[in-house]
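Enquirer: Quick one: the structure is below, questions incoming.
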Amino acid sequence: MYNDVVMDHFQNPRNVGELEDADSVAEVGSQECGDTMKVFIKVKDEKIEDIRFQTYGCCAAIASSSIATEMVKGKKLDEAKKISKNDVVEKLGGLPERKIHCSLLAVDGIVGAIKSYEEKK
Amino acid sequence: MDKIYLDHAATTYVKDEVLEAMMPYFSNVFGNGSSVHAVGREAKKALEQSRKTIAEVIGASPEEIYFTSGGSESNNWAIKGIAFDNMENGKHIITSAIEHHAVLDTCEYLEKFGFDITYLTVDEDGLIDLDELKNAIREDTVLISIMYANNEIGTILPVEEAANIAKEKGVLFHTDAVQAAGQLPLDMANSSIDLLSLSGHKLYAPNGVGALYIRNGVELDNLIHGGAQERTRRAGTENIASIVGFAKAVEISKRDMERETKRITALRDKLIDTVLSEIEESKLNGHRTKRLPNNVNFSFKNVDGEAILINLDLMGICCSTGSACTSACTGPSYVLQALGMEYRWTNGSVRFSLGAKTTEKEIDMVIDALKKTMDRLRMITFKV
Chain A
1 MYNDVVMDHF
11 QNPRNVGELE
21 DADSVAEVGS
31 QECGDTMKVF
41 IKVKDEKIED
51 IRFQTYGCCA
61 AIASSSIATE
71 MVKGKKLDEA
81 KKISKNDVVE
91 KLGGLPERKI
101 HCSLLAVDGI
111 VGAIKSYEEK
121 K
Chain B
1001 MDKIYLDHAA
1011 TTYVKDEVLE
1021 AMMPYFSNVF
1031 GNGSSVHAVG
1041 REAKKALEQS
1051 RKTIAEVIGA
1061 SPEEIYFTSG
1071 GSESNNWAIK
1081 GIAFDNMENG
1091 KHIITSAIEH
1101 HAVLDTCEYL
1111 EKFGFDITYL
1121 TVDEDGLIDL
1131 DELKNAIRED
1141 TVLISIMYAN
1151 NEIGTILPVE
1161 EAANIAKEKG
1171 VLFHTDAVQA
1181 AGQLPLDMAN
1191 SSIDLLSLSG
1201 HKLYAPNGVG
1211 ALYIRNGVEL
1221 DNLIHGGAQE
1231 RTRRAGTENI
1241 ASIVGFAKAV
1251 EISKRDMERE
1261 TKRITALRDK
1271 LIDTVLSEIE
1281 ESKLNGHRTK
1291 RLPNNVNFSF
1301 KNVDGEAILI
1311 NLDLMGICCS
1321 TGSACTSACT
1331 GPSYVLQALG
1341 MEYRWTNGSV
1351 RFSLGAKTTE
1361 KEIDMVIDAL
1371 KKTMDRLRMI
1381 TFKV
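First to last, the protein sequences are chains A and B.
Under the working numbering, the first residue of the first sequence is numbered 1, with each subsequent residue one higher.
Under the working numbering, the first residue of the second sequence is numbered 1001, with each subsequent residue one higher.
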C-alpha cells in the first residue's frame, strides 16, 4: 500500500518531539473525530531554525508530518508558508488515493505555526 | 520472514485434510450433479453426502441445508427471500446495529421497496437488550435477523433467546452464524432459529462456498432463479469440489471443537490479560466472557489503529483494525461506534483473530511486538 519513502518516514520519523523554547506552537485537527498535530517552531532571521511535531494519525499522516517538517526546516518563513499537500505527496513519491487528504494535516500544522508566529509580532 | 497470521476472522487457510478431500472432484469426479449419466450421478452422490454431513453436525435434516456461494449470499437470500415473500403481510424487519454489511446493506436496500427497518441498539459490550427486541416487534414485522456472534468484537449474542421471542410472536428468525460456526456448537433440532447463514472460508474450507439452513416449512423467494438445483430454490451448477471441502471442514470443526476451543481460548486469554495489564491505556472491546474463542479486539488510546496495524505488519504480524483511516476515512468502524466509546478509543482499535496453527510462542511474540509498537507510536503521537 505504501512506498519505501513513506515507510521510511513512518519507521524513522524526523523531528518528532517538542521544543521547550519554541517561538510558536500550533495545534491543528479535530480531537473529537480526526487526526491532530502539534507543531513547534523556532525562528531566527525569519527562517525556521528548528521544528518539531507530534501527530495523532495514520501511517500516511505521520509520514507526511515527518517529511513536511524536513521540507521547511531552514527555509524562510515566506517560502515555508507556501507548502501544499501536493508538494508533500510528491516528495513522498505518492500516497494511495484515499490517503492523500491525510497529508493536509502536516500542511495545516506548519502553516498554522508560521501564521501564529507572524501574528504575535 | 514467516508471518504470524492473526486475521482468521477475515479468512482462513484451507486445511490439508480439506484440500485432500476436494482433490478428486476437479478432474476425476467432475460431473454436473444434474446430469443423468454415470459421471453426473457420481458428482451428485458427493453433493448429497456433503449435505448430509453438514446437516448432522448442526442438528438439521439434510433437506434443510442449501448450498450457496458464501455468507454474503446466504444473508442476502434469507433477508430478501423472506421480505419479498411476505410483503403483503408486512414490511417491518428488526435487526441489530452491529450486523455484518451483508445484512445491514440488504436491509437498507429493502427500504427502497417501502420496508421499515428497526436497528436494535447494543450496550458497551455489544449485547442486544431482549426487552428492546420484544418491544420492537409489531403486527407487520416479518423477520428478525440477529447475528450469532460479532465478527469485529467477538461478542456472542443471546440468539437462542431472541429466536424464542420471535417464535412466540410468530415472526421468522434468521441468524448470521458466519463467525460462530466452527467455533461454537450449533443444534437446530433444539432451537427456534428458522434460517442460519454459514460460510466456508471462516472455518478452513475454501472461499466461495457457504450454506443457508432453512427450517422445514419456511417459505422464501429465491434469490437466484434458473435451474432446478438445491430443490429448485437456488439455481446454479453446484461447486462440488468446494462443497465437499466445506463439508469436510465442518466435520473437522466438530471433531476438534472441544480440544481447540480449550486451546485457543487459553491463548486468547493470555493475549488479553497480558496486554491489558502491561500496556497502558488499553481496553478490550466486546464482552470478556461471552466471546468467540478466537477473537481479541483491543482499543489503545491516543494512537491511530492503522498506524498500529502497519507497524505490526512491518514486524510480520497480520491483524486488522477498525480505525477510520482504513475505511475511506468516513469514521471508525460502525460496530465500535455502536459501543458508545470516544473517538480516541474507537480509532485505536486492533483485532487479532487466532487460528488452528496459532501457538503460544506466536502469542508471546505478538505481545512483545505490541509493547514495542505502542511505546514507539506513543512517542510520536499528539496526546489528548
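In this text, a Cβ means the ideal position worked out from N, Cα and C, and glycines have one as well.
Since glycine 1210/B contacts glycine 1070/B with CB under 8 angstroms, what's their CB separation in whole angstroms?
Expert: The residue given as residue 1210/B occupies position 210 in the second sequence. The residue given as residue 1070/B occupies position 70 in the second sequence. Contact flag correct, Cβ pair sits at about 4 angstroms.
Enquirer: So with Cβ pairs under 8 angstroms, would you call histidine 1030/B a contact of chain A?
Expert: By 1-based counting over the second sequence, the position of residue 1030/B is 30. It is phenylalanine, not histidine, that sits at residue 1030/B in the sequence shown. No, phenylalanine 1030/B lies away from the interface with chain A (no Cβ there is under 8 angstroms from its Cβ).
Enquirer: Kindly list the residues whose CB is nearer than 6 angstroms to the CB of glycine 17/A, restricted to its own chain and excluding five residues on each side of it in sequence; keep chain order.
Expert: Taking the first sequence and counting its residues from 1, the one referred to as residue 17/A is at position 17. Excluding positions up to five away in sequence, the list reads Arg52.
Enquirer: Let me check understanding here. Comparing Cα to Cα, which of Gly1090/B, Asp1131/B, Ile1193/B lies closest to glutamate 1139/B?
Expert: On the second sequence, residue 1139/B is found 139 positions in, with the first residue counted as 1. Taking only the C-alpha atoms, the option nearest glutamate 1139/B is Gly1090/B.
Enquirer: Please say whether methionine 1374/B and isoleucine 1272/B have beta carbons closer to each other than 8 angstroms?
Expert: As a first step, residue 1272/B is located in the second sequence; it is residue number 272 there, counting from the start. As a first step, residue 1374/B is located in the second sequence; it is residue number 374 there, counting from the start. Cβ distance not < 8 angstroms, so isoleucine 1272/B and methionine 1374/B don't count as in contact.
Enquirer: Using 10 angstroms around the beta-carbon of valine 1366/B, count the other beta-carbons present and answer buried if the total reaches 16, otherwise exposed.
Expert: To locate residue 1366/B, count along the second sequence from 1; it is residue 366. Under this definition valine 1366/B is a buried residue.
Enquirer: What did DSSP end up calling histidine 1101/B once you bin it into helix, strand or coil?
Expert: As a working mapping, residue 1101/B is identified with position 101 in the second sequence. Helix.
Enquirer: Within 10 angstroms of the Cβ of asparagine 1028/B, are there 16 or more other Cβ atoms? Answer buried if so, exposed if not.
Expert: Residue numbering aside, residue 1028/B sits at position 28 when the second sequence is read from its first letter. Its Cβ having fewer than 16 others within 10 Å, asparagine 1028/B is exposed.
Enquirer: Taking C-beta pairs closer than 7 angstroms, name the residues in chain B that phenylalanine 10/A reaches, listed in chain order.
Expert: Counting from one through the first sequence, the residue named residue 10/A turns up at place 10. Near phenylalanine 10/A (Cβ distances below 7 angstroms), the residues of chain B are Ile1310.
Enquirer: Between the alpha carbons of alanine 1247/B and arginine 1376/B, how many angstroms are there, rounded?
Expert: Locating residue 1247/B in the second sequence gives position 247, where the first residue counts as 1. Locating residue 1376/B in the second sequence gives position 376, where the first residue counts as 1. If I take the Cα positions, the gap works out to 46 angstroms.
Enquirer: Check each residue of the segment 37–55 of chain A: if its Cβ is closer than 7 angstroms to any Cβ of chain B, include it; give the result in chain order.
Expert: Residues Met37, Lys38, Gln54, Thr55.
Enquirer: By alpha-carbon positions, which one of Lys76/A, Asp78/A, Tyr117/A, Val72/A ends up nearest to lysine 91/A?
Expert: Residue mapping note: residue 91/A aligns to position 91 of the first sequence, counting from 1. Selected option, being the one with the closest Cα: Val72/A.
Enquirer: Run through chain A and tell me which residues come within less than 7 angstroms of phenylalanine 1382/B, C-beta to C-beta.
Expert: By 1-based counting over the second sequence, the position of residue 1382/B is 382. Those within 7 angstroms of phenylalanine 1382/B in chain A are Thr36, Met37, Lys38, Gln54, Thr55, Tyr56.
Enquirer: Using DSSP bridges, identify the partner residues of phenylalanine 1300/B.
Expert: Within the second sequence, the letter at position 300 stands for residue 1300/B. According to DSSP, which records beta bridges pairwise, phenylalanine 1300/B is partnered with Ser1282/B.
Enquirer: Asparagine 1294/B to asparagine 86/A, Cα distance in whole Å?
Expert: Taking the first residue of the second sequence as 1, we reach residue 1294/B at position 294. Taking the first residue of the first sequence as 1, we reach residue 86/A at position 86. Each residue's alpha carbon lies about 43 angstroms from the other.
Enquirer: Could you tell me whether the Cβ of valine 16/A comes closer than 8 angstroms to any Cβ of chain B?
Expert: On the first sequence, residue 16/A is found 16 positions in, with the first residue counted as 1. Answer yes: the Cβ-Cβ gap between valine 16/A and chain B drops below 8 angstroms somewhere.
Enquirer: With a threshold of 8 angstroms between beta-carbons, can isoleucine 67/A be considered close to chain B, or not?
Expert: By one-based count along the first sequence, residue 67/A stands at place 67. Chain B contact via Cβ: absent.
Enquirer: Determine the burial state of lysine 38/A: buried for a count of at least 16 other Cβ atoms within 10 Å of its Cβ, exposed for fewer.
Expert: As a working mapping, residue 38/A is identified with position 38 in the first sequence. Buried: at least 16 other Cβ atoms inside 10 Å.
Enquirer: Helix, strand or coil for lysine 1115/B per DSSP?
Expert: Position 115 of the second sequence, counting from 1, holds the residue named residue 1115/B. With the sequence shown as reference, residue 1115/B is identified as phenylalanine, and lysine is not the correct amino acid for it. The answer is coil: DSSP assigns phenylalanine 1115/B none of H, G, I, E or B.
Enquirer: Mind checking which residues open and close the beta strand (DSSP E) that includes aspartate 50/A?
Expert: Numbered from 1 along the first sequence, position 50 holds the residue referred to as residue 50/A. It spans 47–56 - the beta strand (DSSP E) in which aspartate 50/A sits, taken as one unbroken run.
Enquirer: How close, in whole Å, do the beta carbons of glycine 1081/B and asparagine 1222/B come, if the pair is a contact with beta carbons under 8 angstroms?
Expert: Start at 1 with the first residue of the second sequence, and residue 1081/B comes out as number 81. Start at 1 with the first residue of the second sequence, and residue 1222/B comes out as number 222. That pair is a contact at about 7 angstroms.
Enquirer: Can you check whether the C-beta of tyrosine 1343/B is within less than 8 angstroms of a C-beta belonging to chain C?
Expert: The chain inventory of the structure shown lacks chain C, comprising the protein chains A and B.
Enquirer: Quick check on threonine 1359/B: does DSSP put it in helix, strand or coil?
Expert: Numbered from 1 along the second sequence, position 359 holds the residue referred to as residue 1359/B. Coil at threonine 1359/B, not helix or strand.
Enquirer: What would DSSP say about leucine 1354/B, mapped onto helix, strand or coil?
Expert: Residue 1354/B sits at position 354 when you count from the first residue of the second sequence. Residue state, collapsed to three classes: coil.
Enquirer: Beta-carbon of glutamate 32/A versus every beta-carbon of chain B: anything under 8 angstroms?
Expert: As a working mapping, residue 32/A is identified with position 32 in the first sequence. Judged by the 8 angstroms Cβ criterion, glutamate 32/A is in contact with chain B.
Enquirer: Going by beta carbon distance, what residues of the same chain come within less than 6 angstroms of methionine 1315/B, once the five residues before and after it are set aside?
Expert: By 1-based counting over the second sequence, the position of residue 1315/B is 315. If we look at methionine 1315/B and ignore the five residues flanking it on each side, its Cβ neighbours are Ala1369.
Enquirer: Determine, for isoleucine 62/A, whether the minimum Cβ-Cβ distance to residues of chain B falls below 8 angstroms.
Expert: As a working note, residue 62/A is residue 62 in the first sequence. By this cut-off, isoleucine 62/A is an interface position.
Enquirer: Give every residue of the same chain whose Cβ lies closer than 8 angstroms to the Cβ of glutamate 1132/B, excluding the five residues on either side of it in the sequence, and list them in chain order.
Expert: What you label residue 1132/B is simply residue 132 of the second sequence in a count that begins at 1. For glutamate 1132/B, where only same-chain residues beyond five positions count, the Cβ hits under 8 angstroms are Leu1120, Thr1121.
Enquirer: Using only alpha-carbon positions, find the residue among Ala1078/B, Ile1128/B, Gly1355/B that is nearest to glycine 1286/B.
Expert: Counted from its first residue, the second sequence places residue 1286/B at position 286. Answer by Cα proximity: Ile1128/B.
Enquirer: Between which two residues does the alpha helix (DSSP H) harbouring methionine 1023/B extend?
Expert: If you number the second sequence from 1, residue 1023/B lands on position 23. Per DSSP, methionine 1023/B belongs to no alpha helix (DSSP H) and is neither H nor E.
Enquirer: Compare the C-beta of leucine 1336/B with all C-beta atoms of chain A and state if any pair is closer than 8 angstroms.
Expert: Your numbering for residue 1336/B matches position 336 in the second sequence. By this cut-off, leucine 1336/B is not an interface position.
Enquirer: Would you verify that the beta carbon of proline 13/A is, or is not, closer than 8 angstroms to some beta carbon of chain B?
Expert: Counting from 1 along the first sequence, the entry for residue 13/A is found at position 13. Yes, its Cβ sits closer than 8 angstroms to a Cβ of chain B.
Enquirer: Less than 6 angstroms between C-beta atoms, sequence neighbours within five positions excluded: which residues of the same chain meet that for alanine 60/A?
Expert: Translated into positions along the first sequence, residue 60/A becomes position 60. Excluding sequence neighbours, alanine 60/A sits near Leu95, Lys99, Cys102.
Enquirer: Less than 8 angstroms between the CB atoms is what I'm expecting for glycine 1322/B and glutamate 1152/B, so what's the real figure, rounded?
Expert: Translated into the one-based positions of the second sequence, residue 1322/B becomes position 322. Translated into the one-based positions of the second sequence, residue 1152/B becomes position 152. Their Cβ separation, rounded to whole angstroms, is 6 angstroms, which keeps glycine 1322/B and glutamate 1152/B in contact under 8 angstroms.
Enquirer: Round the Cβ separation of aspartate 108/A and valine 5/A to the nearest angstrom and send it over; I've been treating them as touching at under 8 angstroms.
Expert: Within the first sequence, the letter at position 108 stands for residue 108/A. Within the first sequence, the letter at position 5 stands for residue 5/A. Wrong, their Cβ atoms sit about 21 angstroms apart, outside the cutoff.
Enquirer: Count the other CB atoms, across all protein chains shown, that sit within 10 Å of the CB of histidine 1225/B; report buried if there are 16 or more and exposed otherwise.
Expert: By 1-based counting over the second sequence, the position of residue 1225/B is 225. Per the 10 Å Cβ criterion, exposed.
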